[in-house]
Amino acid sequence: MLQQPQPQHFDKNSPLRSSLRKHRVDSNGKQQRSPSGRKNVSFCSSQNAENKRLLVSNVTDCFAIMQSGTELIKLRTNVRQFRRIFSLDEDMAYIRWTPSNKKPHKARISINSIKEVRIGWNSELLKLTEPLASPEINEECAFSIIHGDEHECLDLIALNASDANIWITGLIALANGEVSSIKELNINSYSLPANLRERWLSLSFKEVDQDNKGYISEKSAVRLIRSLNNRLLISRIKQKVKEASINLINNEIQRGKIDEIHFIDIYKDLATRPEIYFLMVRYANKDYLNINDLKLFLETEQGLSSITTQFCENIIDQCEPSLEAKELNIMTVDGFTNFLNSQLNSIFDSEHLNVCQNMEKHFSNYFISTSFNTYLVEDQLRGPSSLDGYISALKRNCRYIELDIWEPDDGGGDEPVLFNGGTLTSKLPLGPVLDIINEMAFERTKFPLFIRLELHLYSIDWQYKLLNLLELKLGNRLFKPKLDQIDWNKEIPTPKKFLNKIILSGPYYEGNELIGEIEEENESSDLLLFNNSENNIIQNEKKFKKNLIPLIKEIKDLIAPFAIFGRINEPEDIEKFSPLRHIISISETDCIQFVNSQQPNYLFSSPKNENSSINRLIRVFPSPQRIDSSNLNPQEFWNFGCQFVALNYQTPGLMMDLQEGKFLANGGCGYVLKPLIMNKENNLFNNEINNGQQLIINNNNTLQQQQILNLKIISAQQLPRPRASTAKV
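If you read the sequence shown in UniProt numbering, its first letter stands for residue 1, the second for the next number, and so on.
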């Protein structure tokens, strides 16, 4: 549930949260439109519309575009449509349209006669037109002008949402008397809109131009613009300033200089986001928001309640850059933009900037950020093995990394090496890797780091070398079960109990002999082996390779008793391993197959079933067929309750974006508490909730009580601009 803030207390670091809105659904299951009181702004991406949109930084720009003329669709009875050129006349007293069979004085509407501007399919004629409209014509393109004593209705459809926004903004400003609104605030104006913004920029310019020369250097202009708005890219500012400077070269004195008028134009061009400006005008009917306008926006658009005047004044005080505007308790488009971009409106809950979840639950109650073949930085077959893989993973708060440890080739060194067995990936000495791990393991998070040891050391001598390196390089940070007095068969291991500790996860073993035996597991070679003689990739006929390797007791004693790993290939195999001792590994393909089988409870079910992920630690690794190091979809396996979903950190893209987004939560510590529904102590699967309805998984492995989440993208300003593009994003 989104949290509603207490309006009496303003915290600039706490996001504003509305309650969840319930949308009405008709008899056919189709979601109905929002109530007409809710105002929406959207834009068309066509080049012509984009060019017009970029010209808009205030209502005067809207007037200029309206005066130049815009093609709109004029509706008549019987849903007849006529394309006409609509324009605002020079004295801004009438809007006219051509061509028309009417006499000129009939093909116009007086601005003074406008009673209302309605947005969307909200007139009788437009409602009839909606089902017939082409796909590119949406509700944001339609508007109606109610005018005259008889409240006549002129229904119009713009060819794109940008044109509609420009006309709606301009008409609302004209109909509400923009000039009179300015005079009420005792603001002197040299153009129609309130010029608080221009005066703020002018004062800022004069503070730099202390000698009153009337111009400043390009470098000073760039610094000033950046200081006024630190969200603007330096490269973009420099480009705009350079362009303006070139156009201003009238004499040698002005070369490389920017005057005040052009400085203001540059700033407005860079800093004005038209969609925010249009949104502001929709609520304010002018070029600024007063207290009542801001309150209306917070209650109508943001869904907040009990908003006080003091709360709005505090927002203005925090976000508005103009001192004059602050004194008048009004907000310019720059203050409004600052407000919308602040932590107050961040979709990310600021509580999660720090560790905020209970860290004293069993490890099975958390999703844990996990890397696959951490040493690889390219593909799985021929790419290099590098320290950069570990540096990158640890910098991104990964809490489960892998060491594939092999004996070096004859004469290849005096310490074990890391590489992807059966491939041509390069070999990486183990010592420097352990140094990096020791240095960076807890640089960004203090919660425990798991290291998966995949051992391929056939010689006892090499195993002792590994032992010495582990103890020497990792030192006191290495968790040593032998020295631990706690019986982890009875005590619950939790992240908080292992702060600043490195936990070794190792292979399955039995017995207490001095030398044990383990099954070698080489996941990357399960399906694909590299054949040196033929120099190509061949299929491995065996399901997975087995080699018995003697394991010295000293290494066995370093494996955490709750982090022994096992491998399953059939659902029934899971019963061989103890929920209190093992991390079960399963490939993504097997995992999906098991979940889609008749026995989904082996991975995700009621806490009564000890074989489920609610009670066990389960690790899912990418299919060995992903030789290009592509990534599985982690969300799919988090939905199954799997704690360790291994990703190739070297491969950017949507899946890594999901991973990094997931683990931004809880202070970015690498551990995120599972939702309540997946929690062992508070599991809801068998509890009656919501008026007796049970939330359970049925035979089709879907939730019987389904929820629909509707998302509307209102901005994408953080997307990178295409190469060589000069368009504003």
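Cβ atoms here follow ideal geometry from the backbone N, Cα and C, with glycine treated the same way.
Cross-strand partners of residue i (DSSP beta bridge)
i: residue 81; result: 75
i: residue 96; result: 87, 108
i: residue 70; result: 86
i: residue 507; result: 565
i: residue 118; result: 144
i: residue 417; result: 406, 429
i: residue 158; result: 72
i: residue 673; result: 366
i: residue 259; result: 215
i: residue 153; result: 146
i: residue 371; result: 647
i: residue 376; result: 385
i: residue 225; result: Paired residue(s): none; residue 225 is not in a bridge.
i: residue 711; result: Answer is none; residue 711 lacks a bridge partner.
i: residue 166; result: Paired residues: none, contrary to the question.
i: residue 502; result: 449, 478
Extent of the continuous beta strand (DSSP E) run through residue i
i: residue 454; result: 449-456
i: residue 402; result: 400-406
i: residue 582; result: 582-587
i: residue 473; result: Looking at the DSSP string, residue 473 is not in any beta strand (DSSP E); the run it does join, the alpha helix (DSSP H), is 460-474.
i: residue 619; result: 617-621
i: residue 441; result: Where residue 441 is concerned, there is no enclosing beta strand (DSSP E), given that its DSSP letter is neither H nor E.
i: residue 645; result: 644-647
Separation of residue j from residue i, as counted between CA atoms
i: residue 713; j: residue 467; result: 53 Å
i: residue 353; j: residue 396; result: 15 Å
i: residue 337; j: residue 57; result: 12 Å
i: residue 436; j: residue 345; result: 38 Å
i: residue 643; j: residue 622; result: 14 Å
i: residue 208; j: residue 202; result: 10 Å
i: residue 332; j: residue 678; result: 46 Å
i: residue 367; j: residue 379; result: 26 Å
i: residue 709; j: residue 347; result: 15 Å
i: residue 109; j: residue 147; result: 8 Å
i: residue 240; j: residue 168; result: 29 Å
i: residue 70; j: residue 285; result: 21 Å
i: residue 116; j: residue 150; result: 13 Å
i: residue 676; j: residue 641; result: 12 Å
i: residue 260; j: residue 214; result: 7 Å
i: residue 440; j: residue 461; result: 29 Å
i: residue 245; j: residue 216; result: 11 Å
i: residue 689; j: residue 625; result: For residue 689, the pLDDT reaches just 38, beneath the cut-off of 50, and the residue's location in the model is therefore unreliable, leaving the point undetermined.
i: residue 573; j: residue 588; result: 16 Å
i: residue 594; j: residue 615; result: 17 Å
i: residue 575; j: residue 140; result: 58 Å
i: residue 474; j: residue 485; result: 21 Å
i: residue 409; j: residue 401; result: 24 Å
i: residue 716; j: residue 661; result: 17 Å
i: residue 323; j: residue 231; result: 20 Å
Neighbourhood of residue i by C-beta, 8 Å cutoff - its chain only, sequence neighbours within 5 removed
i: residue 326; result: 316, 317, 320
i: residue 740; result: What is shown of the chain runs 1 to 729, which leaves residue 740 out entirely.
i: residue 385; result: 375, 376, 377, 418, 419, 420, 425, 426, 427, 428
i: residue 264; result: 198, 201, 202, 205
i: residue 533; result: For residue 533, the predicted structure reports a pLDDT of 36, less than 50, and the residue's modelled location is therefore unreliable. A value from the coordinates is still provided. Within the same chain, residue 533 has no close Cβ partners at all.
i: residue 267; result: 201, 225, 228, 229
Beta-carbon contacts of residue i that lie in its chain and below 7 Å, excluding the five residues immediately before and after
i: residue 237; result: 222, 225, 226, 270
i: residue 580; result: 489, 562
i: residue 670; result: 368, 369, 397, 398, 399, 445, 447, 663
i: residue 186; result: The pLDDT assigned to residue 186 is 39, lower than 50, so where the model puts this residue is not dependable; a value taken from the coordinates is nonetheless given after this. Once the five neighbours on either side are set aside, residue 186 has no close Cβ partner at all.
Same chain only: Cβ atoms within 6 Å of residue i, ignoring 5 sequence neighbours per side
i: residue 541; result: Note that residue 541 scores a pLDDT of 32, beneath 50, so its modelled location is shaky; the value from the coordinates is reported in the next line. If we look at residue 541 and ignore the five residues flanking it on each side, it has no Cβ neighbours.
i: residue 88; result: 66, 67, 95
i: residue 82; result: 74
First through last residue of the alpha helix (DSSP H) which encompasses residue i
i: residue 317; result: 309-319
i: residue 336; result: 333-341
i: residue 388; result: 387-395
i: residue 205; result: 196-208
i: residue 284; result: 274-284
i: residue 638; result: 634-638
i: residue 232; result: Note, residue 232: premise wrong, no alpha helix (DSSP H); not H, not E.
i: residue 291; result: 291-300
Three CB pairs or more closer than 8 Å across the segment 260-278 and the segment 310-329: no
Touching by the beta-carbon criterion (3+ pairs, under 8 Å), the segment 299-308 and the segment 255-269: no
Inter-stretch contact at 8 Å, needing at least 3 Cβ pairs: the segment 352-366 / the segment 489-505: yes
Sufficient close CB pairs (3 or more, under 8 Å) joining the segment 403-417 to the segment 636-656: no
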